[in-house]
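Presented below is the structure to which this report refers.
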Amino acid sequence: MSDSPYIFDVSGAANFEQLVVENSFHKPVLVDFWADWCAPCKALMPMLAKITEEYAGELLLAKVNCDIEQDIVMRFGIRSLPTVVLFKDGQPVDGFAGAQPEAAIREMLKPHVAEPAPAAADPMEAAQALFAEGRFADSEALLKQVLTENNENAAALILYARCLAERGELAEAETVLNAVKGDEHKQALAGAKAQLTFLHQAADLPDVATLKSRLAQDAGDDEAVYQLAVQQLARQQYEAALDGLLKLFVRNRSYGEGLPHKTLLQVFDLLGGDHPLVTAYRRKLYQAIY
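Per UniProt numbering, the sequence shown runs over residues 1 to 290.
Below, the structure is given as C-alpha cells:
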C-alpha cells in the first residue's frame, strides 16, 4: 500500500467498485493492471505514481495485482501487462497497453484531467528575481513571509536589508544586517554593507548634475570623479561607476589614501564574483596594477 492518499491497492470486486468506480464520479481514476513477474510493469509504476502526485488529488491511481485479482482481470478482459485504464464517471474512457513514455501518458490524460498547477517557486528565488527586476516592495513582502518562518535566515535577512536600503530605510537596514549570524553568506553580507555605505555617502555628496558640470569644466577633478562614481553606485549604475573608478585608479591610485582601489573591491563584493562586470573589471584592475 502506498503512503500517498492518491494511490491505493485494490483488493476484491467490492473494493474495486468503491475505490475505482465510485471514486471516478468525483475524480478520474487510473487503474494500473500489473503483476510481480512483469518487468515493464515495475518500470511503469513509478512513472504513474509521479504523474498522479503532480496532480495533487485531481487524479487517483488504483493498482490491481493481476496474479491475485483474477475476477477483476476477467471482468475487464485484460490480456497483456501492463495495461492501464482511465475511469471517469463510472466508466472506462481511455487507456493503453504496454509500456508508454511519460509524454504519451500525459497526452492521454489531457482531455480528462485538468493540468496540474506548476510547482510554486521557491520564495527566496522568487524574492531574488523580483529584487533583480527592481520590484523591491514585492521582494520585501515575500521576504517577510520567509522571515516569519525563520527569522535567522541569513540570505533572507541580507536581501531584506537591501530592500529596506532601496527605499531609504538605511538605519533599519543596518540593524537587520547586524543581526546576520554565521559566515555562510559572507560575500553577500559584505556586498549589502557596501551598498549601504554607498547610499550613506551619496546622501552627503553634491548631486549628479553638479558633479557632471564640474567634470565638464575640469575632467581632471579627481574628487568629482570619485563622488560621481559613488552617486552612480547608489543608483545601481555599476558599469559607469566601475569605469570611472578604474580610470581614477589608473590616473591617481593614491587618491583618498587608495579609495579608488578600495571602492572597486567593495563593488566586486556587492555584485558577486560571477557577475560579468566583476569578471571584466577585475581583469582590467589586474592589468592596471601589474
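Every residue, glycine too, gets a C-beta built ideally from N, C-alpha and C.
For residue i: DSSP bridge partner residues
i     : result
Trp34 : Asn65
Thr83 : Phe33, Ala97
Asp60 : According to the sequence provided, residue 60 is Leu. The question's Asp does not apply to it. According to DSSP, Leu60 bridges with Val29.
Proximity winner among the options, relative to residue i (alpha-carbon distances)
i           : options                        : result
Ser4        : Gln287, Leu205, Ala49          : Ala49
Ala219      : Arg251, Ile105, Gly57          : Arg251
Leu189      : Val29, Tyr226, Gln18, Val267   : Val267
Leu242      : Arg214, Leu277, Ala216         : Leu277
Thr263      : Arg282, His275, Asp274         : Arg282
His26       : His112, Arg167, Trp37, Gln145  : His112
Ala288      : Leu205, Gly258, Tyr238, Phe249 : Phe249
Ala127      : Ala104, Leu109, Val146         : Val146
Ala129      : Leu30, Ala104, Ala156          : Ala156
Tyr286      : Asp274, Leu246, Leu270         : Leu246
Leu86       : Ala99, Phe33, Leu265, Thr148   : Phe33
Thr210      : His200, Phe198, Glu223         : Glu223
Glu140      : Arg167, Tyr6, Ala35            : Arg167
Ala56       : Met74, Pro28, Leu44, Gly77     : Pro28
Phe76       : Thr148, Ala13, Pro206, Phe8    : Ala13
Asp269      : Val10, Gly191, Asp221          : Gly191
Asp9        : Glu69, Ala216, Asp204          : Glu69
Lys88       : Gly98, Ala104, Gly182, Glu58   : Glu58
Phe136      : Ala165, Ala171, Asn178, Gly95  : Ala165
Pro206      : Val230, Thr197, His185         : Val230
Pro123      : Asn150, Asp221, Asp183         : Asn150
residue 301 : Leu109, Thr279, Cys66          : There is simply no residue 301 to check, as the chain begins at 1 and stops at 290 in what is shown.
Glu17       : Ile72, Cys41, Leu44, Glu54     : Ile72
Tyr6        : Ala62, Asn15, Tyr160           : Ala62
Under the three-state DSSP convention, the category residue i falls into
i           : result
Pro92       : strand
Ser4        : coil
Asp274      : coil
Arg71       : The amino acid at residue 71 is misidentified as Arg; the sequence shows Asp. Helix at Asp71.
Asp9        : strand
Leu164      : helix
Val20       : helix
Glu140      : helix
Ala280      : helix
residue 298 : Lying outside 1 to 290, the shown extent of the chain, residue 298 is not represented and no answer is given.
His261      : helix
Gly77       : coil
Gln287      : helix
Leu205      : coil
Glu115      : coil
Tyr255      : helix
Ala219      : coil
Gln145      : helix
Arg106      : helix
Gly244      : helix
Arg214      : helix
Gln237      : coil
Tyr55       : coil
Integer Cβ distance of residue i from residue j, believed to fall under 8 angstroms
i      : j      : result
Gly272 : Gln195 : Actually they are not in contact, since the Cβ atoms of Gly272 and Gln195 sit about 12 angstroms apart, beyond 8 angstroms.
Val21  : Gly90  : 5 angstroms
Leu259 : Tyr238 : With 8 angstroms as the limit, Leu259 and Tyr238 do not qualify as a contact, their Cβ atoms being about 17 angstroms apart.
Leu228 : Val208 : 7 angstroms
Cys38  : Pro82  : 6 angstroms
His185 : Ala154 : 5 angstroms
Gly95  : Ser80  : Actually they are not in contact, since the Cβ atoms of Gly95 and Ser80 sit about 12 angstroms apart, beyond 8 angstroms.
ask   = Residue ranges of each beta strand (DSSP E) run of no fewer than 3 residues wholly in the segment 172–199, ordered along the chain?
value = Fully enclosed beta strand (DSSP E) runs of no fewer than 3 residues are not present anywhere in the segment 172–199.
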